[in-house]
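Visitor:
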Amino acid sequence: MTVYMRRTKATLVAVAAGALMLTACSSGGGGTSKNDTKDKQDQNAKQQQSQITFGDAAASTGPAEEVPGAKPGGTLHALERDSYTHLDPGQIYVSNEGQLATLLHRGLTTYKLDSKGKYTVVGDLATDSGKETDAGKTWTYTLKDGVKFEDGTPITSKDIRWSVERLFAPFITNGPAYLQQWLANTAGSDYRKLLPDGPYKGAHLPDSLLQTPDAKTIVFHFPTAQPDTPYLMAMAGYAVVDSAKDTKEKYDKAPVASGPYKIKSFESGKSMTLVKNTNWDPKTDPARHQYVDTFDITFNHQAPDSTKRLMSDAGENQTSLSFANAVDTKSTPTVVGTASIFKRTVSGYQPFVGQINFNMKKITDLQIRKALALAIPTKPVWQALGASYGAEYAGGYISPTLAGYQKSDPLGKVAKPDGDQVAAKKILTDAGKLNTKITYAYINTAAGQEYSVAIADALKKAGFDVQRKDLPSDTYYDLIGKVDNPYDIYASAWGADWPSTLTVIPPVFDGRTIADQAPNYSHVNDPKINSEIDRIKAITDPVKAADEWFKLNAYITTDVIPGVPTVFYKQLQLFGSKVGGVVYNNVTSGIDLTKLFVNQ
Amino acid sequence: MLRFLVRRTLGALVILLFISAFTYFLFFAIPHDPALLSCGKNCTPDNIALIHRNLGLDEPIPVQYFHYMVGIFAGRHFSVGDCSAPCFGYSFANSDPVWPTILNRFPLTLSLAAGGIVVFLLVGLGAGMLAAWRRGTFIDKFFSSVSLVLSSMQIYFVGPIVLALLVYNNQIMDQPKYVPISEDPVGWFSGLLIPWCVLSIIFTAGYTRMSRSTMIDQLQEEHVRTARAKGMSSRYVFFRYAWRGSLIPIVTMLGLDIGTLLGGAMITEFTFSLAGIGRLAVDSVLRTDLPMLMGVMLFSAALIVLFNIIVDAAYAFIDPRVRLS
Numbered sequence: 181m182t183v184y185m186r187r188t189k190a191t192l193v194a195v196a197a198g199a200l201m202l203t204a205c206s207s208g209g210g211g212t213s214k215n216d217t218k219d220k221q222d223q224n225a226k227q228q229q230s231q232i233t234f235g236d237a238a239a240s241t242g243p244a245e246e247v248p249g250a251k252p253g254g255t256l257h258a259l260e261r262d263s264y265t266h267l268d269p270g271q272i273y274v275s276n277e278g279q280l281a282t283l284l285h286r287g288l289t290t291y292k293l294d295s296k297g298k299y300t301v302v303g304d305l306a307t308d309s310g311k312e313t314d315a316g317k318t319w320t321y322t323l324k325d326g327v328k329f330e331d332g333t334p335i336t337s338k339d340i341r342w343s344v345e346r347l348f349a350p351f352i353t354n355g356p357a358y359l360q361q362w363l364a365n366t367a368g369s370d371y372r373k374l375l376p377d378g379p380y381k382g383a384h385l386p387d388s389l390l391q392t393p394d395a396k397t398i399v400f401h402f403p404t405a406q407p408d409t410p411y412l413m414a415m416a417g418y419a420v421v422d423s424a425k426d427t428k429e430k431y432d433k434a435p436v437a438s439g440p441y442k443i444k445s446f447e448s449g450k451s452m453t454l455v456k457n458t459n460w461d462p463k464t465d466p467a468r469h470q471y472v473d474t475f476d477i478t479f480n481h482q483a484p485d486s487t488k489r490l491m492s493d494a495g496e497n498q499t500s501l502s503f504a505n506a507v508d509t510k511s512t513p514t515v516v517g518t519a520s521i522f523k524r525t526v527s528g529y530q531p532f533v534g535q536i537n538f539n540m541k542k543i544t545d546l547q548i549r550k551a552l553a554l555a556i557p558t559k560p561v562w563q564a565l566g567a568s569y570g571a572e573y574a575g576g577y578i579s580p581t582l583a584g585y586q587k588s589d590p591l592g593k594v595a596k597p598d599g600d601q602v603a604a605k606k607i608l609t610d611a612g613k614l615n616t617k618i619t620y621a622y623i624n625t626a627a628g629q630e631y632s633v634a635i636a637d638a639l640k641k642a643g644f645d646v647q648r649k650d651l652p653s654d655t656y657y658d659l660i661g662k663v664d665n666p667y668d669i670y671a672s673a674w675g676a677d678w679p680s681t682l683t684v685i686p687p688v689f690d691g692r693t694i695a696d697q698a699p700n701y702s703h704v705n706d707p708k709i710n711s712e713i714d715r716i717k718a719i720t721d722p723v724k725a726a727d728e729w730f731k732l733n734a735y736i737t738t739d740v741i742p743g744v745p746t747v748f749y750k751q752l753q754l755f756g757s758k759v760g761g762v763v764y765n766n767v768t769s770g771i772d773l774t775k776l777f778v779n780q
Numbered sequence: 225m226l227r228f229l230v231r232r233t234l235g236a237l238v239i240l241l242f243i244s245a246f247t248y249f250l251f252f253a254i255p256h257d258p259a260l261l262s263c264g265k266n267c268t269p270d271n272i273a274l275i276h277r278n279l280g281l282d283e284p285i286p287v288q289y290f291h292y293m294v295g296i297f298a299g300r301h302f303s304v305g306d307c308s309a310p311c312f313g314y315s316f317a318n319s320d321p322v323w324p325t326i327l328n329r330f331p332l333t334l335s336l337a338a339g340g341i342v343v344f345l346l347v348g349l350g351a352g353m354l355a356a357w358r359r360g361t362f363i364d365k366f367f368s369s370v371s372l373v374l375s376s377m378q379i380y381f382v383g384p385i386v387l388a389l390l391v392y393n394n395q396i397m398d399q400p401k402y403v404p405i406s407e408d409p410v411g412w413f414s415g416l417l418i419p420w421c422v423l424s425i426i427f428t429a430g431y432t433r434m435s436r437s438t439m440i441d442q443l444q445e446e447h448v449r450t451a452r453a454k455g456m457s458s459r460y461v462f463f464r465y466a467w468r469g470s471l472i473p474i475v476t477m478l479g480l481d482i483g484t485l486l487g488g489a490m491i492t493e494f495t496f497s498l499a500g501i502g503r504l505a506v507d508s509v510l511r512t513d514l515p516m517l518m519g520v521m522l523f524s525a526a527l528i529v530l531f532n533i534i535v536d537a538a539y540a541f542i543d544p545r546v547r548l549s
């Protein structure tokens, strides 16, 4: 999710430009009680934090549970900020494309969100979420009967093999690399050596790694245990590609659909129209619906524009929504404070956790890092992101959206979001480090300027000699992403790829992955963290693994102190009065597109 | 005339060549690697190197520039597909072919510019000339004051207010949108009416003031006084002699404005969520998308240069005293 994060992190700060300092329940036009807003938030938080389970064959059988009141037909209009850059599953990583992929593409597994708000990983093209043998090293999938591409061609194990093997080809550079790395048992990009040209010159992965003994069966043999395989197979990046119609780079513009909708037209940067895929069989799909006749998607709608249109609820806007745009922070008080508008909202967490990184190549003294951690206030960041509807104070680096989440506050930042500059000054004084010079690099957006001033002031109060250094928003991550960057502290954010800490702690804190532009922005290289990552990765029981990840999180947060976790990102979304079946989906970080219908 | 056009065209090509080289080489001074656009999570140095190879960024910059320029005249082959001349390459960000994308976006920009120009010429020239004709009267003071107020307005301020008043709150008009004129002429007109009016606001003020002052100057010229002395009617003198004489500075200004508007009315397109050339330019800058940025830059520059030539040529028709040499 790096590219997404690069853009999103910059955008998140940019979006918050001029953000209002909202109070917890906001003000506004009146009509919405504090209880209404709190209930909505609590309900959502509870749903987010429930444990995700792996479903069996019964749970993986279609059709999907009916959405109450749903009616077929009609056109929904989607107002999106960004056009879709990638449509080839192998190249899809960012959230808005992953969200669209739920309508277009199917993989071996998917997430089923039921009417009680429970998430289950179920078989999508496969009959179940995967059969594990050999202590988590071997995973077997069997394809369902009746699964087809949009042209009516049956989907076979040959297509799955092809979809996996093409990920090794040099033109696939943007999608996730977990599966390739797991199969090759390597880190970084070395996996490409396993199949340098993909399947395009006749070479294939050996049976010792990937077997397709018949048209229905796919067996993955991983060199090491991979208990998160059901999650992995649900990523849009591992959805099926039609082997007979693979046009390599060109597939990114005209993919063959396997989901309930197919692309009728796409003008990059302008519009996209989706229509029903008549070869999608609801009996094979436990998670998706096909209520809407047509999705009419237009791009270039910034959040203020989409928010104003949806607030007006006039004409076509009644059947409009935005898949990915959040409510504009400037309009949030009105939206939250006006009952007739607020009832047309859903809200939830995004997978991102913000932090102020300490550059451990430069700040090697633990006492100084401790003092920084105590002194830095997280409230300015929370306020700049839109307060309670845009963020929640974070106690650690693991988001509430991850399985087995445990609430904790080891640094006391949730309890004291203003920081404790007195305690920090005492640490510096005792250590003889008063007036330590700190170069604080911040993103030069309105929000960045706003919270960086407050943070710098707090650090000065604590006895640091702070120099603020503004970095342009479009090159911010390029500059802090360099291993030899000259800055001491800077903000970043990271989001999980699936609801497991495996996609958070290793990429962000494994010292063996330090490289230019790698997400270990603090340059943490702690032997205990590295060895613990290896140990926990080998645990096949997801519940036990989650527990161990949280223990490691506590060690990182309080003993190593590579930074300060600031906030969990959240968002509020608005829709027109004639849009039905709107549910916020934690996994796709936005409105769940598979349940939508038009109230005609 | 032919010699003039040939000479100016050659000059224009040199200008465009200079702009292309300047933009291309300057791009690499930006501390941002375009490979990161396609590098995904856990972006490794190996993956960045691979993307550099895929995009041709592993070659020396002068070699890249040479291939780029050759592509414009002779076409090029890319892994995404063949690109026939004029080939401006494929977007780094989303592999869209640059030239077809520009052509796809241009009708909206053309429609927006054409409608806006009609509005601000009609209103601006009309008000300016009326003010000049009735110099010193209430009409003159009124239009002069209004133009002063309008010239201090900005599209990003007026646009949202107009939208709130006419669309969101009172629903008097439909949401602005672009429909090709060939598909629905009425929808084309109604969809762009608000953007035309808002776009024209800042231009109208300039044309009102310019036409008023040039017309006042013209009305004091000797040949105008002579015409009046010969007994010609005020209206005849106004339109036959003064108006024509006042056109040169207006045409100069108009030529530059048309070129600029056709190169993309960025703020208007952003304000009304329209996807034209201006939007494309901003997106390509924000995404450090070199091929798209180069394409838009050259396209816009070519239009500005072209309209400058047209303006120069038009002088001869407007004022017979001007000879092209």
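Protein sequences, first through last, are from chains A and B.
So that you can map any letter, position 166 of the first sequence is 346 in our numbering, and since no number is skipped, the others follow by simple counting.
So that you can map any letter, position 267 of the second sequence is 491 in our numbering, and since no number is skipped, the others follow by simple counting.
C-beta atoms are modelled at their ideal positions from N, C-alpha and C, and glycine is treated no differently.
For a contact meaning CB atoms closer than 9 angstroms, what does residue 488 of chain A contact in chain B?
Guide: Within 9 angstroms Cβ-Cβ: 384, 387, 388, 391 and 392.
Visitor: I'd like the span of the beta strand (DSSP E) that includes residue 743 of chain A, first residue to last.
Guide: First-last of the beta strand (DSSP E) with residue 743 of chain A: 743 to 754.
Visitor: Could you please tell me which residues of the region 239 to 271 of chain B, in chain order, have their CB closer than 9 angstroms to any CB of chain A?
Guide: Listed in sequence order: 254, 255, 256, 257, 259, 260, 261, 262, 263, 264, 265, 266, 267, 268, 269, 270 and 271.
Visitor: Can you check which of these residues, A:507, A:295 and A:459, is closest to residue 261 of chain A by C-alpha distance?
Guide: The candidate whose alpha carbon is nearest that of residue 261 of chain A is A:507.
Visitor: If you draw a straight line from the C-alpha of residue 638 of chain A to the C-alpha of residue 555 of chain A, how long is it?
Guide: Their backbone Cα atoms lie some 6 angstroms apart in a straight line.
Visitor: From the beta carbon of residue 474 of chain A, is the nearest beta carbon of chain B less than 8 angstroms away?
Guide: No - not a single Cβ of chain B is within 8 angstroms of the one on residue 474 of chain A.
Visitor: For residue 672 of chain A, list the residues DSSP reports as bridge partners.
Guide: Paired residues: A:535.
Visitor: With residue 261 of chain B as the anchor, note down where its beta strand (DSSP E) starts and where it stops.
Guide: It is not in any beta strand (DSSP E) - residue 261 of chain B carries neither H nor E in the DSSP assignment.
Visitor: How far does the beta strand (DSSP E) with residue 650 of chain A in it reach, from first residue to last?
Guide: First-last of the beta strand (DSSP E) with residue 650 of chain A: 645 to 651.
Visitor: Could you check where the beta strand (DSSP E) with residue 293 of chain A kicks off and where it finishes?
Guide: Looking at the DSSP string, the run of the beta strand (DSSP E) that includes residue 293 of chain A is 289 to 293.
Visitor: Please check if any C-beta of chain A sits within less than 8 angstroms of the C-beta of residue 442 of chain B.
Guide: No, no contact with chain A.
Visitor: How would you list, in chain order, the residues of chain B whose beta-carbon sits under 7 angstroms from the beta-carbon of residue 481 of chain A?
Guide: In chain order: 497.
Visitor: Taking Cβ-Cβ distances shorter than 9 angstroms, what residues in chain B pair up with residue 760 of chain A?
Guide: Those within 9 angstroms of residue 760 of chain A in chain B number zero; the least Cβ separation is about 22 angstroms.
Visitor: I'd like to know whether the C-beta of residue 436 of chain B is nearer than 8 angstroms to at least one C-beta of chain A.
Guide: Not one chain A Cβ lies under 8 angstroms of residue 436 of chain B.
Visitor: Should residue 304 of chain B be flagged as near chain A, meaning a C-beta pair shorter than 8 angstroms?
Guide: At least one chain A Cβ lies under 8 angstroms of residue 304 of chain B.
Visitor: Interface residues of chain B around residue 429 of chain A at Cβ under 7 angstroms?
Guide: Per Cβ cutoff of 7 angstroms: 303, 304 and 319.
Visitor: Under 8 angstroms between C-beta atoms, does residue 510 of chain B make it to chain A?
Guide: It does; some Cβ of chain A falls within 8 angstroms.
Visitor: Helix, strand or coil, according to DSSP, for residue 459 of chain A in the structure here?
Guide: Of the three classes helix, strand and coil, the one that applies to residue 459 of chain A here is coil, per DSSP.
Visitor: How many angstroms separate the CA atom of residue 480 of chain B from the CA atom of residue 317 of chain B?
Guide: Cα-Cα distance, rounded: 31 angstroms.
Visitor: Would you call the region 405 to 425 of chain B in contact with the region 381 to 391 of chain B, where contact means no fewer than 3 C-beta pairs closer than 8 angstroms?
Guide: Taking 8 angstroms as the limit for Cβ pairs, the verdict is that the region 381 to 391 of chain B does touch the region 405 to 425 of chain B.
Visitor: Kindly confirm or deny that the region 265 to 284 of chain B and the region 369 to 377 of chain A touch, where touching means at least three C-beta pairs closer than 8 angstroms.
Guide: Yes, since at least three Cβ pairs between the region 265 to 284 of chain B and the region 369 to 377 of chain A fall closer than 8 angstroms, the two stretches touch.
Visitor: Listing by chain order, which chain A residues have their CB less than 8 angstroms from the CB of residue 278 of chain B?
Guide: Neighbours of residue 278 of chain B on chain A, chain order: 350, 351 and 353.
Visitor: When you compare the CB positions of residue 621 of chain A and residue 649 of chain A, do they come within less than 8 angstroms of one another, or not?
Guide: The answer is yes: Cβ separation under 8 angstroms.
Visitor: Looking at chain B, which residues of the region 640 to 672 of chain A have a Cβ within less than 7 angstroms of any of its Cβ atoms?
Guide: The region 640 to 672 of chain A vs chain B, Cβ under 7 angstroms: 654, 655, 658 and 659.
Visitor: Give a yes or no on whether the minimum CB-CB distance between residue 368 of chain A and chain B is below 8 angstroms.
Guide: Yes, contact with chain B.
Visitor: Note down, in chain order, each residue of its chain lying with its Cβ closer than 8 angstroms to the Cβ of residue 556 of chain B, except the 5 sequence neighbours on either side.
Guide: Residue 556 of chain B lies beyond the residue range present for chain B, which begins at 225 and ends at 549; the question has no answer from this structure.
Visitor: Which residues, in order along the region 500 to 532 of chain B, keep a beta-carbon less than 9 angstroms from a beta-carbon of chain A?
Guide: Cβ contacts with chain A come from 503, 504, 507, 509, 510, 511 and 512.
Visitor: For residue 476 of chain B, name the three-state secondary structure that DSSP assigns.
Guide: Note: residue 476 of chain B maps to helix in three-state DSSP.
Visitor: Between residue 710 of chain A and the rest of its own chain, which residues show a CB-CB distance below 8 angstroms, the 5 nearest in sequence each way excluded?
Guide: Closer than 8 angstroms at the Cβ level, and outside the excluded window around residue 710 of chain A, lie 690, 691 and 692.
Visitor: Among the candidates B:470, B:326, B:445 and B:245, whose CA atom is the shortest distance from the CA of residue 503 of chain B?
Guide: Answer by Cα proximity: B:326.
Visitor: Between residue 197 of chain A and chain B, is any beta-carbon pair separated by less than 8 angstroms?
Guide: Confidence in residue 197 of chain A is poor, its pLDDT being 30 and thus under 50, which makes the residue's placement too unreliable to answer from.
Visitor: Report the residue from A:313, A:284 and A:723 whose alpha carbon sits nearest the alpha carbon of residue 304 of chain A.
Guide: For the residues A:313, A:284 and A:723, the minimum Cα distance to residue 304 of chain A belongs to A:284.
Visitor: Report the three-state DSSP secondary structure of residue 260 of chain A (helix, strand or coil).
Guide: It is coil, neither helix nor strand.
Visitor: So, residue 324 of chain A versus residue 306 of chain A, is the Cβ gap smaller than 8 angstroms?
Guide: In contact: residue 324 of chain A and residue 306 of chain A (Cβ atoms closer than 8 angstroms).
Visitor: By DSSP, does residue 722 of chain A sit in helix, in strand, or in coil?
Guide: Helix at residue 722 of chain A.
Visitor: Closer than 7 angstroms by beta-carbon distance: list the chain B residues that pair up with residue 695 of chain A, in chain order.
Guide: Those within 7 angstroms of residue 695 of chain A in chain B are 268 and 269.
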